[in-house]
Amino acid sequence: MKTLKDKGLIRKGKIEVTEKNKQDKKTIIVELTDEDEEELNKILKKIEELVTSDKPPKEVWENKCKKCAYYEYCFI
């Protein structure tokens with residue numbers, strides 16, 4: 272939606288979710304608000320800094336995903 276907005280096209284998005292083993296679909300209409308666009312620009316700036324950096328960022332040791340299937344592969 273941001274790319275479209277940058278080209279002058281302001282549109283809404285639609286997300287359709289079907290839960291496992293259910294027939295019902297849930298539809299969510301999304302719009303790119305000014306706050307969302309500002310947050311997205313901050314994230315894109317951080318990504319650009321990461322990609323152009325000479326060194327990788329320091330690792331963050333947080334116990335956030337102990338139930339993750341890839342937990343044992345972190346920080347090898």
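Take the sequence shown: its position 55, counted from the start at 1, is 326 in the working numbering, and no numbers get skipped. Positions of the beta carbon are idealized from the N, C-alpha and C atoms, including for glycine. Quantities reported herein were computed from a predicted structural model and do not represent experimental measurements.
- DSSP, reduced to helix, strand and coil, places Val301 within a strand of the structure shown.
- For Val322, the secondary structure class from DSSP, reduced to helix, strand or coil, is helix.
- With respect to the 8 Å criterion, Tyr344 and Cys336 are not classified as neighbours on the basis of their beta carbons.
- Assignment of beta-bridge partners to Lys296 by DSSP yields Thr289.
- Beta-carbon to beta-carbon, Val301 and Lys313 are separated by about 19 Å, too far to satisfy the 8 Å threshold.
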